[in-house]
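Notes follow once the structure below has been shown.
There are 2 protein chains.
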Amino acid sequence: MPQQELSQWVEDLNRVHDEEQERVFSEASEVLETSELGLLLESLPIDERLALWQTVAPEERVEVLVAMRSDARGVLIDNLSMPDLRAMLHGLDAEDLIELSQSLSDKLVDFALAKMSQDQKSWYEQSQQYDEDQIGRYVDHSLVMLTPNTRVFEALRAVRRAEHPMLDRVYIVDKKGHYRGEVSLPVLLAADGQVRVDSLEDDIASPLKAEMDVYDAAERLEHSDQAAMAVVDDAGRFVGRATLRLAMEITRETYEARLMARAGLDEDTDLFAPVWLSAKRRALWLGINLLTAFLASWTIGLFEATLSQVVALAVLMPVVASMGGIAGSQTLTLIIRGLAMGQITFGNVWSLAKKELLVACLNGVLWAVVIAIVAAVWFSSVAIGGVIAAAITINIVVAAIAGVVIPVILDKYEIDPALSGSVILTTVTDVVGFFTFLGLGSLFLLG
Amino acid sequence: MPQQELSQWVEDLNRVHDEEQERVFSEASEVLETSELGLLLESLPIDERLALWQTVAPEERVEVLVAMRSDARGVLIDNLSMPDLRAMLHGLDAEDLIELSQSLSDKLVDFALAKMSQDQKSWYEQSQQYDEDQIGRYVDHSLVMLTPNTRVFEALRAVRRAEHPMLDRVYIVDKKGHYRGEVSLPVLLAADGQVRVDSLEDDIASPLKAEMDVYDAAERLEHSDQAAMAVVDDAGRFVGRATLRLAMEITRETYEARLMARAGLDEDTDLFAPVWLSAKRRALWLGINLLTAFLASWTIGLFEATLSQVVALAVLMPVVASMGGIAGSQTLTLIIRGLAMGQITFGNVWSLAKKELLVACLNGVLWAVVIAIVAAVWFSSVAIGGVIAAAITINIVVAAIAGVVIPVILDKYEIDPALSGSVILTTVTDVVGFFTFLGLGSLFLLG
Numbered sequence: 001m002p003q004q005e006l007s008q009w010v011e012d013l014n015r016v017h018d019e020e021q022e023r024v025f026s027e028a029s030e031v032l033e034t035s036e037l038g039l040l041l042e043s044l045p046i047d048e049r050l051a052l053w054q055t056v057a058p059e060e061r062v063e064v065l066v067a068m069r070s071d072a073r074g075v076l077i078d079n080l081s082m083p084d085l086r087a088m089l090h091g092l093d094a095e096d097l098i099e100l101s102q103s104l105s106d107k108l109v110d111f112a113l114a115k116m117s118q119d120q121k122s123w124y125e126q127s128q129q130y131d132e133d134q135i136g137r138y139v140d141h142s143l144v145m146l147t148p149n150t151r152v153f154e155a156l157r158a159v160r161r162a163e164h165p166m167l168d169r170v171y172i173v174d175k176k177g178h179y180r181g182e183v184s185l186p187v188l189l190a191a192d193g194q195v196r197v198d199s200l201e202d203d204i205a206s207p208l209k210a211e212m213d214v215y216d217a218a219e220r221l222e223h224s225d226q227a228a229m230a231v232v233d234d235a236g237r238f239v240g241r242a243t244l245r246l247a248m249e250i251t252r253e254t255y256e257a258r259l260m261a262r263a264g265l266d267e268d269t270d271l272f273a274p275v276w277l278s279a280k281r282r283a284l285w286l287g288i289n290l291l292t293a294f295l296a297s298w299t300i301g302l303f304e305a306t307l308s309q310v311v312a313l314a315v316l317m318p319v320v321a322s323m324g325g326i327a328g329s330q331t332l333t334l335i336i337r338g339l340a341m342g343q344i345t346f347g348n349v350w351s352l353a354k355k356e357l358l359v360a361c362l363n364g365v366l367w368a369v370v371i372a373i374v375a376a377v378w379f380s381s382v383a384i385g386g387v388i389a390a391a392i393t394i395n396i397v398v399a400a401i402a403g404v405v406i407p408v409i410l411d412k413y414e415i416d417p418a419l420s421g422s423v424i425l426t427t428v429t430d431v432v433g434f435f436t437f438l439g440l441g442s443l444f445l446l447g
Numbered sequence: 001m002p003q004q005e006l007s008q009w010v011e012d013l014n015r016v017h018d019e020e021q022e023r024v025f026s027e028a029s030e031v032l033e034t035s036e037l038g039l040l041l042e043s044l045p046i047d048e049r050l051a052l053w054q055t056v057a058p059e060e061r062v063e064v065l066v067a068m069r070s071d072a073r074g075v076l077i078d079n080l081s082m083p084d085l086r087a088m089l090h091g092l093d094a095e096d097l098i099e100l101s102q103s104l105s106d107k108l109v110d111f112a113l114a115k116m117s118q119d120q121k122s123w124y125e126q127s128q129q130y131d132e133d134q135i136g137r138y139v140d141h142s143l144v145m146l147t148p149n150t151r152v153f154e155a156l157r158a159v160r161r162a163e164h165p166m167l168d169r170v171y172i173v174d175k176k177g178h179y180r181g182e183v184s185l186p187v188l189l190a191a192d193g194q195v196r197v198d199s200l201e202d203d204i205a206s207p208l209k210a211e212m213d214v215y216d217a218a219e220r221l222e223h224s225d226q227a228a229m230a231v232v233d234d235a236g237r238f239v240g241r242a243t244l245r246l247a248m249e250i251t252r253e254t255y256e257a258r259l260m261a262r263a264g265l266d267e268d269t270d271l272f273a274p275v276w277l278s279a280k281r282r283a284l285w286l287g288i289n290l291l292t293a294f295l296a297s298w299t300i301g302l303f304e305a306t307l308s309q310v311v312a313l314a315v316l317m318p319v320v321a322s323m324g325g326i327a328g329s330q331t332l333t334l335i336i337r338g339l340a341m342g343q344i345t346f347g348n349v350w351s352l353a354k355k356e357l358l359v360a361c362l363n364g365v366l367w368a369v370v371i372a373i374v375a376a377v378w379f380s381s382v383a384i385g386g387v388i389a390a391a392i393t394i395n396i397v398v399a400a401i402a403g404v405v406i407p408v409i410l411d412k413y414e415i416d417p418a419l420s421g422s423v424i425l426t427t428v429t430d431v432v433g434f435f436t437f438l439g440l441g442s443l444f445l446l447g
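Chains as they are written, first to last, in full-length UniProt numbering: chain A, 1 to 447; chain B, 1 to 447.
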């Protein structure tokens, strides 16, 4: 049986239409995991997506929706009839409602809560005590929880009955809800049946704090050797478990956000978002960049008189700005990664800046010489070569400093450097590049 | 006990030196996971990193090294003495050797192999049959493997003895090595002790193929609800298991590679790489970008005569190029993400292009009007406003087309669009922007 990738299904599904498309989609449903159907639906224009949604089995709909990006999900939910929605929200569990609640009206959230079991409802309410960037909001409860005085034979009976995925341990929680430790299944199996579970070997470092930042929690999970870690509140009460799968989702979303942020986009952006909405969202970013472009133009405008006499300056000025921008973005990219991984702080930023400055001097001088030769030959003027060499060196060195300083300062003020770092950097390298090149040109090239 | 994040340790460690630093590092070793020590060491300049390495407990050294990025690891290994290295390579397991082998000389790999158990050695050799981008290379063997005729009570005994992390199931493999299924621990516990394991409920969709691309395999794992999936070869023989932790590492590395690629950097780049090496690696990328910058300059050079008469064109031309570049990179970013997720193929690229084109027309016209008004007022010339409006609209529309076409074509020829897409796009938007703006200016603005 050949394994067909998601992209192959995307291809097949997009080549056909109407009933044929429904047939292909139903074939895909049989082979793919339910959550992969969400990704598949996202690859279709909105009208086709809505048509195929109707063919998704009712019991799979929640899982498909949860797997979609929130924009794409919103479009679907807006197009569902009230009875369809209500049917779907029946028997929702707490984790699914947490994921879906941002796309649902308050009335629908209340409806779902009213239909929930008491346990699920209190888990939902507990999650709402934590912010969107705190791990406590996203814990799950598909786990076996035992009181400290449970005997091993009773614990094994509980495990036998459990139908949770990734079940490799049991959690010990006392009657007041305090977390007391956890025991892995092999240890449980090896123990005497009459022994109390809290006398067994505890298999755990320290649990995660519910207030911990989601990304830091994901990193801890990645570096532990467990499939899940217990999460506790300030008073040491057990809140739930955070799984490696959750950590993976958090990691993926964090990276997607960083990648998309460079273009001023949101990680939830739908491929087939309505044209009007896409245009509106992107317009803001274009507007911000326009302001910085006008700042660069204004800098050039200071030297109109020089430019009209030495046109070569107008021809060469993009080279100066562009080399600064590229060199600066190399430093910026490295620093942003280090900040995101927690590997850069005020403690080591000075050593890093020194290193980046040395790298910039080497590359600045190297490329200044190359560019100077090309410019001098092109415009038959050694003076032009000298001016551009000086401007390139200065701009690359300034770019390196800016590439370190900008993200570190943004990070200190809790502004995400992945979003705005690159715009600010380019503004600096454009303005400094144009100003030094045209300024030096005015000093040394005017007849 | 307050939970101290990695970044706090980085800060503390970088504020002190020598013996004080050793004290802080040893405190960190007690609290952090061993693999986090690797990240901590990377945050230090090379000399301090080497000094602290000497204080890492011998039994933890392999794990610390494995957790480091290959560049940083290479620096450490190059500075270790032969006896130290040999001591460390004693008792290495197959997976660690696979990770470390790229940083080790052939002689040292042979030494490690000679000291390995027969099992580990054959696993290592099996992994070498697969390419670096195939999941078969990275499977692990920390699992319980049983023949089909094993009785449940024997299976439970095997589980009891096992000391593997993330043990939530056993794998059934026949005497010829063919994969026959897997049974979760709760099912095993609920079964009668005398029953054969292959008669129990099989808990699995389909295993992964060893030749599968690592990134696709990571996505399958993310969407399954298991902590690990079995991996089989072409003939259906069991190769090992791929865990969710592996999937997470692959996902992180893939995203890091995409983020770093935009600046022409490698995901293994060490923060404190030697200056000379950093300069050399970055120089190539600067060189490539210089060529494209000169192409833009050459385009401008075609219009020297026009520029010397209408200096306003020189002042405004960066605005035209920059708006095209930003609009194009928004489309490019969205398309690269879709390609990476397998959500874009030749099947739906045409519908996407249509949508992006419409978005570009809307934003093109909007910003053309804004920029035209600013330019007309600034230079007191309605004609300049008209020329820049036309150039902006054309460039933003071309940028949208290029933003779709460039990555799709690169992807078809298996060139990573995350690496070169943005350079090619900027070249297109610069050249088209300068050419249309200066060309239209020559037609309509010359006296």
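Glycine included, each C-beta is placed from N, C-alpha and C at the ideal position.
Note that the structure is predicted; figures quoted are calculated from it, not measured.
Whole-number beta carbon distance between B:L286 and A:A327, since they are thought to touch under 8 Å: 6 Å
Residues that A:T243 bridges to, as DSSP identifies them: Note: A:T243 is bridge-paired with A:A228 in the DSSP secondary-structure output.
Residues of the segment 307-320 of chain B whose Cβ lies closer than 7 Å to any Cβ of chain A, in chain order: Hits within the stretch, in order: L307, S308, V311, A314, V315, L316, P318, V319.
Straight-line Cα distance separating A:S184 from A:S199: 13 Å
Where the beta strand (DSSP E) through B:V183 begins and ends: 179-184
For A:V16 and A:V24, believed in contact at Cβ under 8 Å, the rounded distance: 6 Å
Cutoff 8 Å: B:W53 Cβ touching any chain C Cβ: Structure shown: chain C not included; protein chains present are A and B.
Residues of its chain near A:L440, where Cβ-Cβ distance is below 7 Å and the 5 sequence neighbours each way are ignored: V387, A390, A391
DSSP bridge partner residues for B:F238 (one or two, in chain order): B:V232
Short CB-CB distance (under 8 Å) between A:L352 and chain B: yes
Test item: CB-CB of A:E211 and A:A247 under 8 Å: No. Outside cutoff.
Environment of A:R169 [buried if 16+ CB atoms lie within 10 Å]: buried
A:D93 - DSSP class collapsed to helix/strand/coil: coil
Span separating the alpha-carbon of A:V173 from that of A:P148: 7 Å
Beta-ladder partner(s) of B:R86, from DSSP: DSSP, once it has assigned bridges, lists no residue as partnering B:R86.
Close-in-space but distant-in-sequence residues of the same chain around A:L295 (CB under 8 Å, 5 per side omitted): T427, D430, V431
Chain A residues whose Cβ lies nearer than 8 Å to that of B:N289: By Cβ distance, chain A contributes S322, M323, I326.
Under 9 Å by beta carbon: chain B residues contacting A:R69: What A:R69 touches in chain B: nothing, since even the nearest Cβ is about 10 Å away.
8 Å Cβ cutoff, A:G347 in contact with chain B: yes
Beta-carbon separation (whole angstroms), B:A293 vs A:P318, contact threshold 8 Å: 6 Å
Rounded C-alpha distance that separates B:Q3 from A:T299: Residue placement at B:Q3 is poorly supported in this model, since its pLDDT is 48, which falls under 50; the coordinates are not used for a value here.
Closer than 8 Å to chain B by CB, A:R15: yes
Own chain, CB closer than 6 Å to A:A312, minus 5 neighbours either side, in chain order: Only residues of its own chain outside the window of five on either side were considered, and among them F379, I384 have a CB closer than 6 Å to the CB of A:A312, listed in chain order.
Residues from the segment 222-248 of chain A in contact with chain B, defined by Cβ distance under 8 Å: E222, H223, S224, D225, Q226, A227, L244, R245, A247, M248
Neighbouring residues, chain A, relative to B:L100 (Cβ below 9 Å): Within chain A, no residue comes near B:L100; the closest Cβ sits about 18 Å away, beyond 9 Å.
Whole-angstrom distance between A:M166 and B:M166, CA atom to CA atom: 8 Å
Whole-number beta carbon distance between B:D202 and B:E182, since they are thought to touch under 8 Å: 7 Å
Inter-residue Cα distance where the pair is A:V377 and A:W367: 15 Å
Three-pair Cβ contact test at 8 Å for the segment 261-275 of chain A versus the segment 156-165 of chain A: no
Range of the contiguous beta strand (DSSP E) that encloses B:V428: Premise fails: B:V428 lies in the alpha helix (DSSP H), 417-444, not in any beta strand (DSSP E).
C-alpha distance - B:A242 paired with A:K121, whole-angstrom precision: 35 Å
Nearest-angstrom beta carbon gap, A:T150 and A:R180 [assumed within contact, 8 Å]: Wrong, their Cβ atoms sit about 11 Å apart, outside the cutoff.
Where A:S35 meets chain B, residues with beta-carbon distance less than 8 Å: Chain B residues near A:S35: H223.
Selected residue, minimal CA-CA separation from B:D213, among B:E256, B:K354, B:I250, B:L80: B:I250
Contact under 8 Å by Cβ, A:L188 with A:V152: yes
7 Å CB neighbourhood of A:E5 in its chain, flanking five on each side removed: none
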